[in-house]
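Step one of this worksheet: look at the structure below.
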Amino acid sequence: AAQPSTDWHVKENGRDHHTSKFSSKELIVRRGQAFVITFNGIEQPEQTLTFIVETGPKPSKQAKTQATFGISSTASKDSWSAVLQSTSSHSVSISISSPPNAVIGRYKLSVQSTSTGSSSPEALGTFVLLFNPWSSGDAVFMPNKAECEEYVLEEFGIIFAGNNYHINSFGWNFGQFQADILNICLSMLDRSLNYRQDPATDVSHRHDPKYLGRVLSAMVNANDDQGVVLGNWSGNYDGGKSPSSWTGSGEILQNWKKSGFKPVRYGQCWVFAAVLTTVLRCLGIPTRPITNFSSAHDADGNLRVDEFYDASGNHLNEGADSVWNFHVWNESWFSRSDLGPSYSGWQILDATPQEESGGIYQCGPASRNAVKEGDVDLDYDCPFVFAEVNADCMYWNYDRATRKKTLLFNKSTVIGQLISTKAVGRDDRIDITSDYKYEEGSKKERDIFKKARKKLGLEDKFDPTAPTPKEIEQKPDISGKFKMAGPLEVGKDLNLILVLKNLQPEVKSVNVNMTAWSTVYTRRPVREIWKDSLSVSLSPEEEKHFPIKISYAEYQQQLTTDNAIEVTALCHVEGGIQVLVQRHIALDNPTIDIQVLGEAKVNEEVDVEVVFTNPIDIELKDCVLQIEGSDLLRGILKIDVPPLKAKDISSTKFKLTPFETGSKHLLVNFSCDKFADIKAFKTVKVID
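First residue of the sequence shown? That's 1 in the UniProt record's numbering, and the numbers climb one at a time after it.
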């Protein structure tokens, strides 16, 4: 008999299942929803047909990785079923439904006829089954359709960075529907440690978003499992691409596959979070990247972060704790059958390798509601996430020679600020800090902090590293702060004012040691930029202003690609406790302008111009433009730009041929020897 041939109705099914953005010839559908196929070449009466679906290396009914089902009069709600749609002399159309908790992944579909006795099943082909946030029976069901569009179907995102004084943002192309990305995501699951240890069991758990979220949070970083991205926070990115140079996940995932699944160099937190967003959106789990400013990395689980400075005011790399200018993680939307309905909704996943969980670098899912309520005993990794947004911060003076440390001051309100994500359907920032904690400094917020400490057993334990009550109660004689005077832009001099105020009714003499260092966004000091000292006498209750200028020439060679600088002043007050004044500065890159010249029409060429003005008095060399955008161009366009003399304007033109209608985003990255990764994006309305 001839092989049966199958019409998978990819277009119609894709439309019904919100999968038409996948550029695949293979059928891709969502679970808990019917899809229609037509096949011919089966000679038997349709009532005698039995269908077999199977996935994974050892399909079994018990593991729910295999199902056999005949034709029934109505679709089943909780198992695989088939309903006859129509028949003609040569072909049969069948509507197949999967249960809302089916294992996701690639399935083989076969058919066999019971009327001919023991005939072997005939293969009809393969299809891919995904999570279904549009279906109320699914663990990832999201009732708001606009949110489904944003958190599953949107390929463009905005990531927030900078610091809590100065937020900046850049676009990202998630590209979850680009060619081959779905296959790469599926092969990622098959390369996880869980799959390698026990393939059949791993596949049988793939119905569960919390299982997959946790596994993928481990697979996106290279630690433990030769995962996708290798982290590097040193400030030196030789042997790879600097983390700030990427503009989308597609290139990273494609490179991982092309290299034979060797980790891609290099990533930092937003790269891990963006790649995880791509993978989870691709599989159908609603996901978004989240930025937390002044984010604590509490390495020892005491809900306290200790930072150390020497007598000159240099920030020391002592201890494992740190406070990052910002940190980016993910939230994914699904129900928590293991914890109960009040912990369902947004779940925190974090693919950045910071601390081990269960022996490997993975983090989450931690219920956001559990974090807000201080329920840090609930799975998974709640104490770590709770500390990221709530830890108390202690600043110490540390003498490396005597190993003596003295408390400078402690703060309970600096960690976890301006928690940010992109708005639904618009390119704006929304602040979700209040979804993570009660108002900073309120009684409720302090009560939750105490509750969390108690659940972690920190209330009753003596902690020899904690400051004594006497240390905590000391009050300084002077106060200080840095004020910015003038623009914070790479290429311009940095002007600050150190403001010192005597809080006492008698004269105070103060010796001030000042330093400025370039840092990575994790506040890790990389290179010293400047230092100075001054001696000052403050009359009773007097306030004095000291202007400080750090020239572009002084910092230009030292800057990291994060454009971050930490300025500190350690004030030694005669007869009183030392006072630490610090300021983290995020410098803005110059801007770059994108213009679409004319109307963007589908399948027609349109000209785009990118204009950049060299703002400094030095020639720029090694200038490169990198351009990408889903539905606007395939892959990445790289253009070498001629050197740019001082104050010169460069204009680069190129052509695009959009291949889908709608609102699209073009992303541009410009780099040269003096400016790292100047980013911009432009919304392009593509019409018919």
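By construction, the Cβ of each residue, glycine as well, lies at the ideal position given by its N, Cα and C atoms.
Keep in mind it's a predicted model, so treat the numbers as computed, not measured.
Are residue i and residue j close, meaning C-beta to C-beta below 8 Å?
i	j	result
L283	F174	no
H315	S295	no
V279	L230	no
K653	E609	yes
A600	P547	no
T38	I28	no
D392	S412	yes
F670	I592	yes
T421	I290	yes
T247	E628	yes
L580	F409	yes
A586	G162	yes
L189	R214	no
I594	L666	yes
G32	G137	yes
K250	P383	According to the sequence displayed, residue 250 carries Gly and not Lys. Against a cut-off of 8 Å, the Cβ pair of P383 and G250 comes out as no contact.
K415	V389	The question names Lys, yet the displayed sequence has Ile at residue 415. In this structure, V389 lies closer than 8 Å to I415 by Cβ.
residue 689	K647	No statement about residue 689 is possible, as the shown extent of the chain runs from 1 to 688 and does not include it.
T50	T114	yes
A82	S72	yes
Within 10 angstroms of the Cβ of residue i, are there 16 or more other Cβ atoms? Answer buried if so, exposed if not.
i	result
G171	buried
L597	exposed
G56	buried
P487	exposed
E566	buried
P505	exposed
H90	exposed
K437	buried
S551	exposed
K508	buried
F462	exposed
P464	exposed
P353	buried
D399	exposed
G340	exposed
G70	exposed
Using the DSSP secondary-structure output, state which residues sit across from residue i in a beta bridge.
i	result
I430	T421
R265	L230
F326	F293
I594	V610
R288	E331
M514	D532, A569
A82	I71, I96
D392	R304
A680	V668
To the nearest angstrom, how far is it from the Cα of residue i to the Cα of residue j?
i	j	result
P243	G235	10 Å
residue 689	S5	Beyond the ends of the chain as shown, which are 1 and 688, falls residue 689; an answer cannot be given.
S217	G364	8 Å
D431	F293	11 Å
D375	A387	12 Å
A320	W396	14 Å
I360	Y380	13 Å
P286	M142	8 Å
residue 690	A466	This structure cannot speak to residue 690, because the chain is shown only from 1 to 688.
A75	V128	20 Å
D298	E440	19 Å
V424	K258	34 Å
A102	Y165	47 Å
V371	K645	53 Å
N317	W80	57 Å
A274	P133	20 Å
R106	F261	20 Å
E147	R426	12 Å
Y195	H17	28 Å
S344	F334	6 Å
F35	I96	5 Å
L559	L494	13 Å
Can you give the beta carbon distance from residue i to residue j, rounded, assuming they're within the 8 Å contact cut?
i	j	result
V140	P45	So it is not a contact: roughly 39 Å between Cβ atoms.
E471	L407	4 Å
P100	S60	Actually they do not touch by this definition, with Cβ atoms about 20 Å apart.
residue 693	M484	Since the first residue shown for the chain is 1 and the last is 688, residue 693 is missing from the structure and cannot be characterised.
S479	L498	Contact flag wrong, Cβ pair sits at about 12 Å.
V684	L632	6 Å
W324	L349	Rounded, the Cβ-Cβ distance is 18 Å, inconsistent with contact.
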